[in-house]
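Since the structure comes first, as structure tokens, the remarks are kept for the end.
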Amino acid sequence: MLSTPHRLVSRTLFRHAYWLGAFVAAVLLLSSPAAATQAVPAAEGWVTDLGDLISPAKEIELEALMESYRNGSGHEIAVLTVPSLGGRNIEELALRTAREWKLGREGENDGALLVLAAAERKTRIEVGRGLEGSIPDAIASRILRNILQPRLRAGDVDGGVDAAVRALHAAAGGDYGPVERASSNETFVWQDLLVIGAMILFFVFISRRRRKNPQAWRGGRGGVGPVIIGGPGGFGGGGFGGSSGGGFGGFGGGGGFSGGGASGGW
């Protein structure tokens, strides 16, 4: 049978683990509020123009172009436009969509997704892990800044999307030109940083509560139970409809995306 000091230590450790688990769960819910409430847009083809930004003629041309890219190199590049993000960030939408569409070949993860949000005038290039060596963040950012966004500001959406897709294909094949590479130390995905920061804040919070009211922690009295907070739902803008089923035959089964790419606006 445990002695009284041992029981107190065990109870304290259990309580700390309980609070930590609850806090991390709350952080994860807040960092991905749309996960349980809103499906990603359904893929309609290589181009899914829900924002009605691309002309029908250009859409047909892009479909043929990106199909030829897959048949030639195997890389898969897709385009998504949406009318609005509904208050969410474009990085979350792009990452979830690229993963659920399973862009890129299975085992290769050599896919890339170009996203445009009409109302917010935001752009994003999401790059699969298999292409991060060919399309690092610096090149993705350059494609947005130098190729896509100037054309969007001039009102030439068709020309901007076409040029950006061609630049992505060239970069995937190693033909985009030299660029200063990022440090060899891989950067964390923003969700990882959020969780780490939340855990640090949690331990600071626990330490301060113990100093202010040590009796409550020793005797199991006082304090407030864990609160799990859910974020607001959905990407808004009328919603995107169901998941990525539908008539399109689908992508190659990759989906290995970890947040690489770049974002911008016009």
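The numbering used here puts the first residue of the sequence shown at 40, with every later residue one more than the last.
Ideal Cβ placement from N, Cα and C applies to all residues, glycine included.
None of the values given here were measured: they were computed from a predicted structure.
- In the pairwise beta carbon analysis, the region 140-160 is classified as touching the region 122-129: at least three pairs are separated by under 8 Å.
- With contacts defined as CB atoms closer than 9 Å, Glu130 and Gly236 fail to qualify as a contacting pair.
- Proximity to Met105 across Leu152, Leu170, Gly167, Leu132 peaks at Leu152, based on C-alpha coordinates.
- In the displayed model, Phe241 falls within a helix according to three-state DSSP.
- Per the coordinates, the alpha-carbon of Pro95 lies some 27 Å from the alpha-carbon of Ser180.
- For the pair Ala202 and Arg135, the Cα-to-Cα distance works out to about 24 Å.
- Per DSSP, reduced to three states, the secondary structure at Leu101 is helical.
- For Val79, there is no enclosing alpha helix (DSSP H), as DSSP gives it neither H nor E.
- For the 9 Å CB-CB criterion, Leu183 and Ala103 do not form a contact.
- By the Cβ neighbour-count rule, Asn148 is buried, with 16 or more other Cβ atoms within 10 Å of its own.
- Secondary structure at Leu191: helix, using DSSP grouped into helix, strand and coil.
- The three-state reading of DSSP puts Ala157 in coil, since its state is none of H, G, I, E or B.
- For the pair Trp85 and Leu187, the CB atoms are not nearer than the 9 Å cut-off.
- Its chain contains Asp88, Leu89, Gly90, Leu92, Ile93, Leu155, Ala157 as the residues whose beta carbon lies nearer than 7 Å to that of Thr120, once the 5 sequence neighbours on both sides are disregarded; these appear in chain order.
- Of the candidates Gly295, Lys97, Glu139, Lys97 places its Cα closest to the Cα of Asp195.
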